[in-house]
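See below for the structure under consideration.
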Amino acid sequence: MPKMLVLAVEDEPFIRMSTVAMIEDAGYDVIEAAEADEAIKLLETRPEIRVVFSDIELPAGSMDGLKLMHAVRERWPPVILILASGRVSPSVEEMPSDTVFLPKPYREEDILNVLAKAA
1 MPKMLVLAVE DEPFIRMSTV AMIEDAGYDV IEAAEADEAI KLLETRPEIR VVFSDIELPA
61 GSMDGLKLMH AVRERWPPVI LILASGRVSP SVEEMPSDTV FLPKPYREED ILNVLAKAA
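Going by UniProt numbering, 43 is the number at position 43 of the sequence shown; the sequence numbering is gapless.
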């Protein structure tokens, strides 16, 4: 049985590397993007992506993480959405339905609990 594929979207290289390592160590496959436009391209070419884990603040590209989540929910409704931020706390109404929000610094167990429910 193939492992669940997670797309990690984070503009800060160190945080992205740390997040990818954490998810891989838990036994999931991970691909990464530094900004939302790159994430959309990956979603268009990799239909096996089951989870998008994104920071809200993505300064490069045409959209932030919140807009990315709305785009993903619209185009790929079954994808599980996890949104994280250290500075912004969106309300439930601002996020697409069924989006999990994790405040930064998030704990490894918080991410792994969400992924375990998704698997």
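Where a beta carbon is used, it is the ideal one built from N, C-alpha and C, also for glycine.
Keep in mind that this is a model prediction, so the values were computed, not measured.
Pick from the options: whose alpha carbon is nearest that of residue i?
i	options	result
P47	S18, A71, V100, L5	L5
T19	L42, V52, V79	V52
residue 122	M95, Y28, D29	Only positions 1 to 119 of the chain appear in the structure, and residue 122 is not among them; the question remains open.
On the DSSP letters alone, give me the boundaries of the beta strand (DSSP E) that residue i sits inside.
i	result
D64	Run containing D64: none; DSSP gives neither H nor E here.
E44	Note, E44: premise wrong, no beta strand (DSSP E); alpha helix (DSSP H) at 36-45.
I56	Taken as a continuous stretch (DSSP letters only), I56 belongs to no beta strand (DSSP E), as it is neither H nor E.
D29	29-33
E84	In the sequence on display, residue 84 carries Ala and not Glu. Where A84 is concerned, the enclosing beta strand (DSSP E) stretches over 80-85.
Grab me the residues of residue i's own chain with a C-beta within less than 7 Å of its C-beta, minus the 5 sequence neighbours each way, in chain order.
i	result
V114	I82, V100
Which same chain residues, not among the five before or five after residue i, have their C-beta less than 6 Å away from its C-beta?
i	result
L112	A26
V9	A33, A39, S54
A84	D55, L102, K104, Y106
V79	V52, V72
Quick check: residue i and residue j, are their CB atoms within less than 8 Å of each other?
i	j	result
S97	R73	yes
E32	R16	yes
R50	A118	yes
G61	E35	yes
Could you tell me the boundaries of the alpha helix (DSSP H) in which residue i lies?
i	result
A118	108-118
A21	13-25
Contact between the stretch 12-27 and the stretch 64-74 (3+ Cβ pairs under 8 Å): With the cut-off at 8 Å, the stretch 12-27 and the stretch 64-74 do not touch.
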